[in-house]
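Going by the numbering used here, the residue at position 51 of the sequence shown is 51; the numbering climbs one at a time, nothing skipped.
Report on the structure given below.
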Amino acid sequence: MQRWLYGTHWISITDLASQSMEASRVIEQVCTRYNLKFPRLGVIADPHPVAFAYGTAPDQSRLVLSQGLLSLLSEDEIAAVCAYGLGRIQLRTASVLSLIAAPLQVLFLAYAYTALMGEGRGKSGRKDLIGHLSPLLYLIYNAGAYPLFWLSRLATYHADHFAVEQTGNPNGLARALTKTAHGIVQAGKRRARPSFLLDGSRLFGLLDLKTVTAASTAEQVQNQPQQCRRIFLWDLANPWARWMQVNSSHPLLGQRIRILGLYADRLRLPIALGMGQINTEINQLDQHRLKHRFWWNLSFYGAEVVGLVVAWVVGLVVLFVLRGVQGHDIAGMAIVGFGLGMISKAFFLYPRTRDPDLTNVVSAMAIPMPALSAVRRYVCRENCLVADGWAIS
Numbered sequence: 001m002q003r004w005l006y007g008t009h010w011i012s013i014t015d016l017a018s019q020s021m022e023a024s025r026v027i028e029q030v031c032t033r034y035n036l037k038f039p040r041l042g043v044i045a046d047p048h049p050v051a052f053a054y055g056t057a058p059d060q061s062r063l064v065l066s067q068g069l070l071s072l073l074s075e076d077e078i079a080a081v082c083a084y085g086l087g088r089i090q091l092r093t094a095s096v097l098s099l100i101a102a103p104l105q106v107l108f109l110a111y112a113y114t115a116l117m118g119e120g121r122g123k124s125g126r127k128d129l130i131g132h133l134s135p136l137l138y139l140i141y142n143a144g145a146y147p148l149f150w151l152s153r154l155a156t157y158h159a160d161h162f163a164v165e166q167t168g169n170p171n172g173l174a175r176a177l178t179k180t181a182h183g184i185v186q187a188g189k190r191r192a193r194p195s196f197l198l199d200g201s202r203l204f205g206l207l208d209l210k211t212v213t214a215a216s217t218a219e220q221v222q223n224q225p226q227q228c229r230r231i232f233l234w235d236l237a238n239p240w241a242r243w244m245q246v247n248s249s250h251p252l253l254g255q256r257i258r259i260l261g262l263y264a265d266r267l268r269l270p271i272a273l274g275m276g277q278i279n280t281e282i283n284q285l286d287q288h289r290l291k292h293r294f295w296w297n298l299s300f301y302g303a304e305v306v307g308l309v310v311a312w313v314v315g316l317v318v319l320f321v322l323r324g325v326q327g328h329d330i331a332g333m334a335i336v337g338f339g340l341g342m343i344s345k346a347f348f349l350y351p352r353t354r355d356p357d358l359t360n361v362v363s364a365m366a367i368p369m370p371a372l373s374a375v376r377r378y379v380c381r382e383n384c385l386v387a388d389g390w391a392i393s
């Protein structure tokens with residue numbers, strides 16, 4: 001599967017040393033310390049910066065890096081990423097996930113095959129049939145992976161801690177995370193088709209592709225600690241962040257960067273990305289206002305359901321109390337309520353904006369109070385749209 005789908009080629013520890021001497025040293029050190037067999041090392045010629053570890057047993061493990069990651073990160077950052085992957089191997093979470101997710105990987109392979117075979121739909125009935133099967137397989141794959149997200153999130157926290165223990169470099173891992181997030185977003189803009197690599201390695205990788213866009217913005221302002229810190233405030237303080245994390249295979253990046261900052265503080269190192277004062281900024285937020293906005297936005301997010309239920313209840317009251325309507329009238333009122341809810345939702349989610357308040361994506365993600373909604377859209381002057389807590393260009 002690796003060679004056919006991703007074009008993986010396997011390398012030796014010496015080959016890795018030519019890319020990062022420190023990474024090869026960390027791998028040798030960890031394997032010696034924990035009496036582990038060297039993982040088989042793979043490199044994928046893909047521009048997306050990706051790293052993942054898998055294998056049904058520690059002595060049969062694989063650690064795979066993409067060429068995009070090796071080109072993007074510095075030596076110490078590559079070493080931190082390798083230590084993260086070794087953490088998943090040593091702590092057995094890679095083995096557990098590999099065993100549980102094996103049927104899902106077969107489904108993903110079937111999805112990838114049908115997606116490739118179904119390209120050029122409209123030219124033949126066979127391609128049309130295969131093309132319609134592909135989205136169904138992808139839906140089943142995602143539904144099956146969903147229950148494993150909590151295990152992957154737990155494994156990520158432990159692997160981050162392991163990486164810091166082995167390298168003593170929490171800042172290197174923090175920088176690697178933001179650079180990788182930015183690299184994934186930029187590489188995705190240059191591709192016409194979504195990457196199979198990002199989806200297929202989602203449970204085993206360094207980051208979740210679904211939640212990297214905001215973090216990629218932090219990479220653009222890493223030399224401005226205050227703005228960088230405020231970007232991560234959304235992950236840490238906004239009530240929508242909890243809902244987003246439930247749907248993510250990894251903890252939100254703000255959570256991970258904050259914990260890595262605590263590790264750096266404990267090691268008496270400078271704290272990267274301006275996260276040293278993050279707790280002070282969180283305490284200064286108006287939590288009541290944040291929660292009020294959350295429930296207000298959530299009510300509009302389900303406005304069509306609210307409209308349907310309210311209209312149906314009103315119809316029942318009129319029917320049984322005033323005896324003024326028939327049974328079929330209640331259905332009509334419910335449909336009208338549903339429609340009014342959809343209209344009000346559309347006006348709320350997509351407000352008319354003659355002069356956008358936000359100048360660019362960075363300013364949108366770094367407003368003083370991280371009150372950006374996961375449902376309401378904000379238009380920027382750079383023709384960008386901030387949606388789902390992310391900045392999308």
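Idealized CB from N, CA, C, for every residue including glycine.
The structure presented is a predicted model; accordingly, all values stated were derived computationally and were not measured.
Output yes or no for whether 8 Å exceeds the beta carbon distance between P58 and L36. Residue mapping note: residue 58 aligns to position 58 of the sequence shown, counting from 1. Residue mapping note: residue 36 aligns to position 36 of the sequence shown, counting from 1. Taking 8 Å as the Cβ cut-off, P58 and L36 qualify as a contacting pair.
Does the beta-carbon distance from L260 to T178 come in below 8 Å? The residue labelled residue 260 in the question sits at position 260 within the sequence shown. The residue labelled residue 178 in the question sits at position 178 within the sequence shown. Cβ distance not < 8 Å, so L260 and T178 don't count as in contact.
Range of the contiguous beta strand (DSSP E) that encloses M50: Here residue 50 refers to the residue found at position 50 when the sequence shown is read from its first residue. Checking the sequence, you will find Val at residue 50 rather than Met. No beta strand (DSSP E) contains V50, which DSSP labels as neither H nor E.
Residues in its own chain within less than 7 Å of A174 by CB, not counting five upstream and five downstream? Here residue 174 corresponds to residue number 174 of the sequence shown, with the count starting at 1. Around A174: I257, L260, A272, L273.
Looking only at C-alpha atoms, which of P49, C82, L267 sits nearest to I27? Looking up residue 27 in the sequence shown gives position 27. Measuring from the Cα of I27, the nearest candidate turns out to be C82.
Can you tell me whether DSSP reads N171 as helix, strand or coil? Numbered from its first residue, the sequence shown carries residue 171 at position 171. DSSP places N171 in helix when its eight states are reduced to three.
Same chain, Cβ closer than 8 Å to A145, five either side skipped, listed in chain order: In the sequence shown, counting from the first residue as 1, residue 145 sits at position 145. A101, L104, R202, L203, S249.
Which one of S18, G188, A346, K210 has the shortest CA to CA distance from A79? In the sequence shown, the residue the question calls residue 79 occupies position 79. The shortest Cα separation from A79 among S18, G188, A346, K210 belongs to S18.
Determine the DSSP secondary structure at L65, reduced to helix, strand or coil. Mapped onto the sequence shown, residue 65 falls at position 65. Looking at L65 - three-state DSSP - the assignment turns out to be strand.
How is the alpha helix (DSSP H) around L262 delimited, first residue to last? Here residue 262 refers to the residue found at position 262 when the sequence shown is read from its first residue. Counting along the chain, the alpha helix (DSSP H) containing L262 begins and ends at 253-266.
Do the CB positions of F294 and P251 come within less than 8 Å of each other? The residue labelled residue 294 in the question sits at position 294 within the sequence shown. The residue labelled residue 251 in the question sits at position 251 within the sequence shown. The answer is no: Cβ separation not under 8 Å.
Beta-carbon proximity of L5 to F149, cut-off 8 Å: In the sequence shown, the residue the question calls residue 5 occupies position 5. In the sequence shown, the residue the question calls residue 149 occupies position 149. Against a cut-off of 8 Å, the Cβ pair of F149 and L5 comes out as no contact.
Counting pairs of Cβ atoms below 8 Å between the stretch 130-145 and the stretch 50-57, do you hit three or more? no
Pick out whichever of A346, L97, V43, L316 has its Cα sitting closest to the Cα of G332. Sequence index remark: in the sequence shown, residue 332 carries index 332 (1-based). Comparing Cα-Cα distances from G332 to each of A346, L97, V43, L316, the minimum goes to L316.
Could you check what DSSP says for N383 in three-state terms: helix, strand or coil? In the sequence shown, counting from the first residue as 1, residue 383 sits at position 383. Only weak support is given to the placement of N383: the predicted model assigns it a pLDDT of 44, under 50, and the value that follows is read from those uncertain coordinates. If DSSP states are grouped into helix, strand and coil, N383 belongs with coil.
Using 8 Å for Cβ pairs, my map puts L86 next to V30. What's the rounded Cβ distance? Stepping through the sequence shown from its first residue, residue 86 is reached at position 86. Stepping through the sequence shown from its first residue, residue 30 is reached at position 30. Rounded, the Cβ-Cβ distance is 5 Å, consistent with contact.
Give me the residue from Y138, L99, Q90, I89 with the minimum Cα distance to Y113. Translated into the one-based positions of the sequence shown, residue 113 becomes position 113. Comparing Cα-Cα distances from Y113 to each of Y138, L99, Q90, I89, the minimum goes to Y138.
Which two residues bound the contiguous alpha helix (DSSP H) that contains V313? Taking the sequence shown and counting its residues from 1, one reaches residue 313 at position 313. Segment 303-317, the alpha helix (DSSP H) holding V313.
Whose C-alpha, out of A303, H288, L262, D199, is nearest the C-alpha of G276? In the sequence shown, residue 276 corresponds to position 276, counting from 1. Looking at the Cα atoms, L262 is the closest of the given residues.
Close Cβ partners of A94 (< 7 Å) along its chain, the five nearest in sequence each way excluded: By 1-based counting over the sequence shown, the position of residue 94 is 94. Closer than 7 Å at Cβ, skipping near neighbours: A53, Y54, G55, S61, R88, F204.
Beta carbon of T280, beta carbon of M244: below 8 Å? Within the sequence shown, the letter at position 280 stands for residue 280. Within the sequence shown, the letter at position 244 stands for residue 244. In this structure, M244 does not lie closer than 8 Å to T280 by Cβ.
Run of the beta strand (DSSP E) containing I11, from where it starts to where it stops: Within the sequence shown, residue 11 is the residue found at index 11, counting from 1. Unbroken beta strand (DSSP E) run through I11: 8-11.
In chain order, what residues of the same chain lie with their CB nearer than 8 Å to the CB of T156, ignoring the 5 residues before and after it? The residue given as residue 156 occupies position 156 in the sequence shown. Answer for T156: H250, P251, R256, listed in chain order.
What would DSSP say about I335, mapped onto helix, strand or coil? Translated into positions along the sequence shown, residue 335 becomes position 335. Looking at I335 - three-state DSSP - the assignment turns out to be helix.
Less than 8 Å between the beta carbons of L198 and L209, yes or no? Stepping through the sequence shown from its first residue, residue 198 is reached at position 198. Stepping through the sequence shown from its first residue, residue 209 is reached at position 209. The answer is yes: Cβ separation under 8 Å.
By how many angstroms is the C-alpha of H288 removed from the C-alpha of P368? Indexing the sequence shown from 1 puts residue 368 at position 368. Indexing the sequence shown from 1 puts residue 288 at position 288. Note on P368: pLDDT 46, under 50, position unreliable in the model; no value is reported.
Paired residues, beta bridge with R394 - DSSP: Residue 394 is absent from the model: the chain starts at 1 and stops at 393.
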